[in-house]
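Novice: Protein chains in written order, with this note's numbering: chain A, 14 to 303; chain B, 2 to 151; chain C, 176 to 960.
All C-beta atoms in this analysis are idealised placements derived from N, C-alpha and C, irrespective of residue type, glycine included.
Every value quoted in this text rests on a predicted model; they were computed, and no experiment measured them.
Take this structure, written in structure tokens, and hold onto it; I'll ask about it next.
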Amino acid sequence: MFYKLPSFEYFKARSVGEALELAGKIGDYRFLAGGTDLLVDLKIGRYKPRAILDIGGLRELSYIINDGSRVRIGALTRLEDILRSSVVRERLPLLHEAVYHMASWQIRSVATIGGNIGNASPAADTAPPLLVHDAIVKTRSVRGERAVRLEEFIQGPRRTLLEPGEMIVEFEVPASPGLEEYWAYRKFGRRSAFTLSVVGLAVGAEFLEGSPVFKVSLNSVAPKPVRARSVEEYLKGKTLTDSVIETASKIVQQDISPITDVRATAEYRRHLATVLLKDALKEIAGRLRR
Amino acid sequence: MKVSFKLNGRPVEVDVEPNEILLDTLRLKLGVTSVKRGCERGECGVCTVLLDGEPAYSCLLLTAQVEGREVVTVEGLRGDELAEKIARSLVEQGAVQCGFCTPGFILTIYAGLKKGLIKNVEDAKKLIEGNLCRCTGYLKILKAVEKLLA
Amino acid sequence: MALEDPFSILEKYLSAEEYVVVGREFTRVDALDKALGRALFTEDYFIRYLQGNALFIKQVLSPHPHALIKAIHVDEAMGVAGVKAVVTHRDIPGVNQVGYALPDQPLLAERKVRYVGEVVALVAAESWEKAVEASQLVKVDYEPLPYVLDPLEAMSRTDILVHDEAGSNIAFKTRVRKGDVEKGFAEADVVVENEYRTHHQDHVYLETEAALAIPDSEGRITIIGAAQHPHLARDIAARVLGVPAGRVKVVVPYLGGGFGGKDDEGPLTISKAALVAYLTGRPAFIVYSREESIRIHPKREATIIRYKSGARRDGKLTAIDVTIIHDTGAYANRAPFILWRATMHASGPYEVPNARVDGYAVYTNKVYQGSFRGFGNPSIQFAVERQMDQLAEKLGLDPVEFRLMNILRPGSRTLTNQELDHSVGVGEALKKVAERSNWISKRREFDAFNKAEKRFKKGIGVGVAWHGISTSRGVPDWSNAVLKVEKDGSVVVFTGIVEMGQGSPTSSHVQIVSEILGVPPEMVRVVFGTSDAPDTGATHASRGTGIGGIGVEVAAGKIRERLARLAGDLLGVEPDKLVFREGRVYPRDNPERYIRWVDLVREAYARGVELSATGYFFLPKGKFDDTTGQGFAYPAFSYIVVVSEVEVDTETGVVRVTRVWPALASGRIISPLQVEGQVEGAVAQGLGYTLFEKLVFDERGGIVNADLTDYVIPTALDMPVVEKPIYVEDVYKYGALGAKGVGEMALIPLPASIANAVSHALGVNVTRLPLTPEYILQLEGVLRR
């Protein structure tokens, strides 16, 4: 009542086809998946679309499929379903862990993975695990389907490669035995729970011809969630000794460009990125030694 | 626009604006005053309802989104044995102070127990992370859950 | 009538061989209604009963920190369909003056605005949408003025004045002069000197401010609204309307939390609704959005405290020299009272022979200072207790041992040279909690742990605090209540005390009546929060039970005297040999010869015994000299000790409070369950204050984090283990059944105890709050300051 949303027309799509058709027709619209980010953005006036296109009811895009070398997650799969999925827990433990620490039950029961990525917040918590997994974003429009690497898909704060009339339909997440076992996740917020990331970090190891290849991703430290390519490059072919970990955790500074805001200073975020990466690599090193 | 959904076991049809949020529909149009207004941006939990059996913030839902779905508030749990047990336990343990957040806590705890997600106090603590309380410090709420589990 | 003399009644019930209801487990009478969502809060009354009938009020806020108001244009806003009034200072029929301690504050800004968020106009319309739309069309011509945000800068400048007529930005000064401070420091073997800083905290009551005003046909207005003192709200509203107080009635329903904030903002909220109702003749409803609440209402003030203290090698404090600066913000509000409280508590609960304390409440162009659980005391106790730890360290003494050497005891003289004759249980509380928490062995154990462990450090810290009960100095304070026994034996009590979560009217008051009259609690109903009751004072300062309950006790005591005489006649027994218990009245030596309560009441009605009484009690106070700060400060002090255990991650800077041991010397514990609730709740609120809650201001003094996304409060997962409180029941002769007060207590020493624990863990000197990870890393030298 006291927080008036701007006026808009409301459309509810009954199928993906209908959603795409409506999107093409309306032009000035925002998709509503769960709406937990969108409604706040509407309230604070970030967006003033002519229409809201509610795709939240499209059950056809809510699924988690264990598909051999990959896991396919429908764009409208709720975070709560991801959290409770044994497939995700076993094959994408990083994603499971990230969602466990995300928001609250009330939000997870409504919010979707597609919404979290599509919103393209620098603090999107599903992004670091998906980036570590080199997830592919599948999109669809009346012109057909596209598959884009997530790393390219998110362009910057609230900017993606999604074109008008196009929607995210699926995340294709390559899984590997390495990432099932050798992973570490850290999320740091201002309180112990139900908190926005000040820094979030996902690290995993895959194996190429028997030797580990490390993949590192962070959020809230750059205009968008990022892969720490310098760190990954440095770690290539190295064993995780204490000194290697020490150096790697410093190199991460080259991969990030945090800002100061009301949640933390840039300086602290930089410090934290190093600390969390060191912790995460130590945790993985411990598992690798076993 | 007309939206139909099930509220506390009964079908309702309401005439709403497209930009109307469920919290306003429940409180202002349907007189469901147990659902409270606290922050209107999904941060405090006093507007919690059960949507198809799971807790959700009614301030972060367009009413249009709940078309065809089932919404439950504490008014709808009257006579429900589990809900009454929860309420009684909160009362007995001194977990109710100002009471503004209490209906929201009851719904979250109810859903957690109903779905078998609360096996111990730690589970409960995690599940109520999205319900804020400024009076009790949460400890007596958790004690009430502990007593229920015993 | 001597038997009905309040002093003898208080004395009579101060101690008993056995209390039947008091001190026992008791289920508060409002809990189930609240749990089931049946309890109505202010906004619920609007929704249930006046929707479609009442006008909505939307406030127009100042975007400037400091500006002259050249003109306010309302025509365009008035032109919006459905808009019934745009109210500015010009429309106020009475006096546009709502300053609490000083006459410096308008209800609606008049000549200038003094902070971003100050209320300039009220727009009343048939719908919220129209009110919002029109509020954006109210055009105010401002002439921006230079502004000042930093209190130290404000103190030293006279070219920028927040209040021109004051001639200075220092709103108020306090001082204490005791003994010879120079001599005291000359005698000291060790001296510690620091500057401490604390920050603004928001109450975040989950229910925001709201009021619903309903005019009647005879020119009276009833307001249902969120406040902590219905009579004060009524008086201020009547002054704004320019009508006699009797024409305004205020009813405070259940409150979704108050914590002091609604004591300050409540009368203003209520006055705004009353004003619109008065001017339009229509019911009017005002409610603050969360953002408005954070921007508009007063806050726990930020402080700068310079503290120097000295002690002798034998462990005795010799002198303190303290300067307290409060960032008062745009209006004085209760600043003089908050500052006095900080000033008179500046020694902590210790004997200090020589003291100099200077307090300054300083205007700045920011949201203003107000009441918040602890009322100026948490910040000063933080400084005191940091000093005590450092003195102990320099003396090579254990912190608890050093405190015990100086602790107040019966017969001690306080900072203001007031002699404490009784009810001083703090030393015992400190000893007991040190024992319960294994203080000495934990201290050693953690020292060893910290030597061996590099990253995670453990610490344990103590905070001891005192809190004067009632108003300070000679400021009058009283209690009252009206109690009636109905023909069917049920008892109705009217009190101005409100129910904001603390449960005094729904728990302790019921218990007091039940105890004294021997009637089951179900037969007692307390009508609370109404200005129709005699003025009971505010529900603040932890006084709802300890002082608010006196009126209930005295009124019940009077009725009991009357009924005891009647029962004595009927049973042929001396009245003072009678027991009132569980609905029966009988001679102590013969419980079988009883008369039922309901029958006794019926007899009373038949024989002309009056069964209504007031419970007026005026607290005896002494003299206080404002120029030296010496004399009678408070009728008594409530005391608390908190021991906190922390674990610090030296790499992330995160402080985790793992366990808290509280010990109260707060007089009689009437309702243990509610007392535990107050302690645990205060720990949560104090934990947020100490670790991460902080309002952030932009370069124009606007609040950056005016929402619950960026102003974060603790969740269930942030809570430490809170041990069951230790009670030292050092009963106070003028408290309800000996109670002093509990509501604020645990918040007062908690920041100190956590800061001391962190200092212990890291071997650093914590001088600032909150203990954010960044600050911890700065203390470690990892991040620059």
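7 Å is my cut-off, CB to CB: does R283/A come that close to chain C?
Specialist: Output row for R283/A: interface = no.
Novice: Would you call the region 70-89 of chain A and the region 15-28 of chain B touching, i.e. three or more CB-CB distances under 8 Å?
Specialist: As far as the Cβ criterion goes, the region 70-89 of chain A does not touch the region 15-28 of chain B, which means the pair count is below three.
Novice: What are the boundary residues of the alpha helix (DSSP H) that includes D217/C?
Specialist: Note on identity: in this sequence residue 217/C is Thr, with Asp being the wrong assignment. Start and end: 217-220.
Novice: Can you confirm whether D21/A, when its beta carbon is compared against all beta carbons of chain B, has any partner nearer than 7 Å?
Specialist: Strictly speaking, residue 21/A in this sequence is Phe, with Asp absent from that position. It does; some Cβ of chain B falls within 7 Å.
Novice: Can the beta-carbon of V155/A be found less than 7 Å from the beta-carbon of L33/A?
Specialist: In this structure, L33/A lies closer than 7 Å to V155/A by Cβ.
Novice: Pick out whichever of I929/C, R735/C, V903/C has its Cα sitting closest to the Cα of I758/C.
Specialist: Here the sequence assigns Gly to residue 758/C, which means Ile is not the residue at that position. When only C-alpha atoms are compared, the closest one is R735/C.
Novice: Please list the segments of the beta strand (DSSP E) lying wholly inside the region 68-125 of chain A, counting only runs of 3 or more residues, in order along the chain.
Specialist: List check, beta strand (DSSP E) in window: 77-80, 83-87.
Novice: Just to confirm my understanding: we take D41/A, look at its own chain, exclude 5 residues before and 5 after, and list those with CB closer than 8 Å. What are they?
Specialist: Once the five neighbours on either side are set aside, the close Cβ partners of D41/A are P62, R63, A64.
Novice: Could you compute how far the alpha carbon of V211/A sits from the alpha carbon of E949/C?
Specialist: Approximately 12 Å between the Cα atoms of the pair.
Novice: What residues in its chain sit with their C-beta under 7 Å from that of D905/C, if we drop five residues either side in the sequence?
Specialist: Taken in chain order, the residues that qualify are S598, V599, G600, A840, G842.
Novice: Does the region 487-505 of chain C come close enough to the region 603-613 of chain C to have 3 or more Cβ pairs within less than 8 Å?
Specialist: Short answer: they don't touch.
Novice: Closest to A395/C by C-alpha separation, out of D364/C, R457/C, A401/C, would be which residue?
Specialist: The question names Ala, but residue 395/C in the sequence shown is Arg. Of D364/C, R457/C, A401/C, the residue nearest in Cα terms is R457/C.
Novice: In chain order, what residues of the region 257-276 of chain A put their CB closer than 8 Å to some CB of chain B?
Specialist: The residues in question: there are none.
Novice: Along chain A, in chain order, which residues have C-beta atoms closer than 9 Å to that of N508/C?
Specialist: Residues of chain A passing the Cβ test: none, with the nearest at roughly 25 Å.
Novice: Taking Cβ positions only, does V155/A come closer than 7 Å to chain C?
Specialist: False, the Cβ-Cβ gap to chain C never drops below 7 Å.
Novice: Quick check: the region 686-702 of chain C against the region 209-221 of chain C, are there 3 or more CB pairs under 8 Å?
Specialist: No contact exists between the region 686-702 of chain C and the region 209-221 of chain C.
Novice: What's the C-alpha gap between V13/B and F6/B?
Specialist: Approximately 6 Å between the Cα atoms of the pair.
Novice: K314/C bridges to which residues according to DSSP?
Specialist: According to DSSP, K314/C bridges with H248/C.
Novice: For F812/C, count the other beta carbons within 10 Å of its own beta carbon; 16 or more makes it buried, fewer makes it exposed. Which is it?
Specialist: Counting Cβ neighbours within 10 Å, F812/C comes out buried, since at least 16 surround it.
Novice: With a threshold of 7 Å between beta carbons, is S122/A in contact with chain B?
Specialist: Interface residue, yes.
Novice: What residue ranges within the region 830-872 of chain C form continuous alpha helix (DSSP H) runs of no fewer than 4 residues, ordered along the chain?
Specialist: Listed in chain order, the complete alpha helix (DSSP H) runs (minimum 4 residues) inside the region 830-872 of chain C are 847-866.
Novice: By DSSP, does Q280/C sit in helix, in strand, or in coil?
Specialist: Note: Q280/C maps to coil in three-state DSSP.
Novice: Under the three-state reduction of DSSP, which class applies to L63/B: helix, strand or coil?
Specialist: Strand at L63/B.
Novice: Rounded to the nearest angstrom, what separates G586/C and L514/C at their Cα positions?
Specialist: Answer to the nearest angstrom: the Cα atoms are 26 Å apart.
Novice: Of the residues that make up the region 182-209 of chain A, which ones have a beta carbon closer than 9 Å to any beta carbon in chain C?
Specialist: Within the region 182-209 of chain A, the qualifying residues are F201, G202, R203, R204, S205, A206, F207, T208, L209.
Novice: Per the DSSP calculation, W641/C is bridged to which residue(s)?
Specialist: Answer is Y814/C, bridged to W641/C.
Novice: Given this structure, state the Cα-to-Cα distance separating G127/A from A136/A, to the nearest angstrom.
Specialist: Approximately 15 Å between the Cα atoms of the pair.
Novice: What residues from the region 104-119 of chain A come within 9 Å of chain B, judged by C-beta to C-beta, listed N to C?
Specialist: The region 104-119 of chain A vs chain B, Cβ under 9 Å: Y113, A116, S117, W118, Q119.
Novice: What residues from the region 4-15 of chain B come within 8 Å of chain A, judged by C-beta to C-beta, listed N to C?
Specialist: Under the 8 Å Cβ criterion, the region 4-15 of chain B contributes no residue.
Novice: Between the region 744-764 of chain C and the region 199-214 of chain C, do three or more beta carbon pairs fall short of 8 Å?
Specialist: Contact fails: fewer than three Cβ-Cβ distances are below 8 Å.
Novice: What residues in the region 56-69 of chain A have a beta carbon less than 8 Å from any beta carbon of chain B?
Specialist: From the region 56-69 of chain A, only K56, I65, D67, G69 have a Cβ closer than 8 Å to chain B.
Novice: Say whether chain B places a C-beta atom closer than 7 Å to the C-beta of T890/C.
Specialist: Interface residue, yes.
Novice: Can you name, in chain order, every residue of its own chain whose Cβ lies under 8 Å from the Cβ of P511/C, other than the five neighbours on each side?
Specialist: For P511/C, where only same-chain residues beyond five positions count, the Cβ hits under 8 Å are A276, L277, A346, F347, T349, A536.
Novice: Among residues of its own chain, excluding the 5 on either side of S117/A, which ones have a beta-carbon nearer than 7 Å to its beta-carbon?
Specialist: Same-chain partners within the cutoff: F207.
Novice: Under a CB-based cut-off of 7 Å, is I878/C close to chain B?
Specialist: Judged by the 7 Å Cβ criterion, I878/C is not in contact with chain B.
Novice: With three or more beta-carbon pairs closer than 8 Å as the criterion, would you say the region 921-928 of chain C touches the region 616-634 of chain C?
Specialist: No: the two stretches stay apart, fewer than three of their Cβ pairs being nearer than 8 Å.
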